[in-house]
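> Questions regarding the structure given below will be posed in turn.
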Amino acid sequence: MGALLALASAVCYGVVDFAGGLLSRRVHFAAVTFLGQAGGLALACLAALLVTADGVRPTDLLWGALSGVGSGAAMHFLNRGLSRGAMSVVVPVSAVTGVALSVLCGVLLLGDRPGPVAWLGIVVTVPALWLVSGGGTGPGHAVTDGLLASAGVAVQYLALGQAGPESGLWPVAAGRVAAVLLLLPGVVRHSGRLRLPPRRCAEALLIGAGAALGLILYLLAAQRQLLSVAVVLASLYPALPVILGVALLHERVDRGQAVGLIGAAAATVLLTLG
2 MGALLALASA
12 VCYGVVDFAG
22 GLLSRRVHFA
32 AVTFLGQAGG
42 LALACLAALL
52 VTADGVRPTD
62 LLWGALSGVG
72 SGAAMHFLNR
82 GLSRGAMSVV
92 VPVSAVTGVA
102 LSVLCGVLLL
112 GDRPGPVAWL
122 GIVVTVPALW
132 LVSGGGTGPG
142 HAVTDGLLAS
152 AGVAVQYLAL
162 GQAGPESGLW
172 PVAAGRVAAV
182 LLLLPGVVRH
192 SGRLRLPPRR
202 CAEALLIGAG
212 AALGLILYLL
222 AAQRQLLSVA
232 VVLASLYPAL
242 PVILGVALLH
252 ERVDRGQAVG
262 LIGAAAATVL
272 LTLG
């Protein structure tokens, strides 16, 4: 069950990245990021009210808030990179480095002990994600955006995984509050440039709600699965924008991406069995 929830989280993030990448090329990326976190806050609060929480401790909310700081930073730098048209650099750098950091921290600091089959899946995942996303070289600012986003991704996943299951979904809601507060000063400073038409506002809010749903699914997965395995499965999201690009935008998949998709499918099987 944990593996399926983590994969569902990856699907949510794949759709969000695809939609957010398109929107960030049409309007200012900072507006997409902030409104996305606001939409995520609304969905997370509603979901937290509907899901039973046996006991919410302050430490659970603090872990959730730290996760939200990671989320806000990750989406800021990811959307900035996507707005510059550097998807083939930002996505693989953020995904692969985020996976590596999360797995290393899970094993070295949190005591995770994946089995041999799961380790094989983790090893296969890194080059598969790189190939799926194009894995090309690009300008230095794109690599920087990707590395900064990857640090946020690692903080997001590792911190949220520390929240106790008895806290329900309130850590996710606390994270959205922290993300909104983190991004608010920049929005206030540049409010004149960040005004969007109502339709674009609605799109950004929906994208953020999808990201919050992905985090909720990840939290449920991390409560049922080794953290390092849940992170890797949830991080397979770069495969979906490629598939959506082929299906909806009639983009072509090159040989490297095809190999990466096959590798991602193999990693999914290995991690699920492991």
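Heads up, the sequence shown is in our numbering, so the first residue is 2 and it goes up one at a time.
The C-beta atom is built at its ideal place from N, Cα and C for all residues, glycine as well.
#1: For G99, decide whether its Cβ has a neighbour in chain C, counting only Cβ atoms nearer than 9 Å.
#2: With a threshold of 16 other CB atoms inside 10 Å of the CB of P166, please say whether the residue is buried or exposed.
#3: Measuring CA to CA, which of C13, D18 and G122 is closest to A101?
#4: Quick one: any contact between the segment 182-198 and the segment 78-86, if contact means 3 or more CB pairs under 8 Å?
#5: Among G261, L272 and L227, which has the Cα closest to the Cα of L130?
#6: Compute the Euclidean distance between the alpha carbons of L63 and S25, then round it to the nearest angstrom.
#7: Between the beta-carbon of A160 and the beta-carbon of G71, is there less than 9 Å?
#8: So what's R26 in DSSP terms, helix, strand or just coil?
#9: What do you reckon, are the CB atoms on S103 and V232 nearer than 9 Å?
#10: From which residue to which residue does the alpha helix (DSSP H) around S84 run?
#11: Could you pull the start and end residues of the alpha helix (DSSP H) that L185 belongs to?
#12: Spatial neighbours of L44 within its chain, please: CB distance less than 7 Å, with the 5 preceding and 5 following residues excluded, ordered by chain position.
#13: Going by C-alpha to C-alpha distance, which of L227, P128, R253 and Q258 sits closest to A268?
#14: Would you call T53 buried or exposed, if buried means 16 or more other Cβ atoms sit within 10 Å of its Cβ?
#15: Quick one: using the 10 Å Cβ neighbour count with 16 as the cut-off for buried, is H77 buried or exposed?
#16: Taking only the alpha-carbon atoms, compute the straight-line gap between A223 and G162 and give it to the nearest angstrom.
#17: Output the distance between the C-alpha atoms of I263 and I208, rounded to the nearest integer angstrom.
#18: Pull up the CB-CB distance for L237 and A265, whole angstroms please, since I reckon it's below 8 Å.
#19: With C-beta atoms as the reference, is V173 less than 9 Å away from A39?
#20: Hey, R58 and S168 are a contact pair by Cβ (cut 8 Å); roughly how many whole angstroms apart?
#21: If I follow the unbroken alpha helix (DSSP H) through L195, where does it start and stop?
#22: Do you know how far the Cα of Y158 is from the Cα of V108?
#23: According to DSSP, is L36 part of a helix, a strand, or is it coil?
#24: Mapping DSSP to helix, strand and coil, what is P239?
#25: Roughly how many angstroms separate the alpha carbons of A32 and G116, rounded to a whole number?
#26: Quick one: what does DSSP say T126 is sitting in, helix, strand or coil?
This is what the structure gives:
#1: Absent from the structure is chain C; it holds one protein chain and no more.
#2: Burial call: exposed.
#3: Between A101 and the set C13, D18 and G122, the nearest pair of CA atoms involves G122.
#4: Flag = no, the segment 182-198 and the segment 78-86 do not touch.
#5: Nearest of G261, L272 and L227 to L130, Cα basis: G261.
#6: Roughly 30 Å separates the two Cα atoms.
#7: Judged by their CB atoms, A160 and G71 are nearer to each other than the 9 Å cut-off.
#8: Looking at R26 - three-state DSSP - the assignment turns out to be coil, as it is neither helix nor strand.
#9: Going by C-beta atoms, S103 is nearer than 9 Å to V232.
#10: According to the DSSP assignment, S84 belongs to the alpha helix (DSSP H) that extends over P59 to S84.
#11: Run containing L185: W171 to R190, per the alpha helix (DSSP H) assignment.
#12: Counting only Cβ-Cβ distances below 7 Å, and skipping sequence neighbours, we find A210, A213 and L214.
#13: Ranked by Cα distance from A268, the options L227, P128, R253 and Q258 are led by P128.
#14: If you draw a 10 Å sphere on the C-beta of T53, you find fewer than 16 other C-beta atoms in it, and that means exposed.
#15: The residue in question, H77, is buried, as its Cβ has 16 or more Cβ neighbours within 10 Å.
#16: Near 6 Å, if we compare the C-alpha coordinates of G162 and A223.
#17: Here the C-alpha atom of I263 lies approximately 28 Å from the C-alpha atom of I208.
#18: Their Cβ separation, rounded to whole angstroms, is 5 Å, which keeps L237 and A265 in contact under 8 Å.
#19: In this structure, A39 does not lie closer than 9 Å to V173 by Cβ.
#20: 7 Å between Cβ atoms; contact.
#21: Careful: L195 lies outside any alpha helix (DSSP H) and carries neither H nor E.
#22: Cα-Cα distance, rounded: 14 Å.
#23: Three-state DSSP puts L36 in a helix.
#24: Correct three-state label for P239: coil.
#25: If you take the alpha carbons of A32 and G116, they lie about 43 Å apart.
#26: In the structure shown, T126 sits in a helix (DSSP, three-state: H, G or I).
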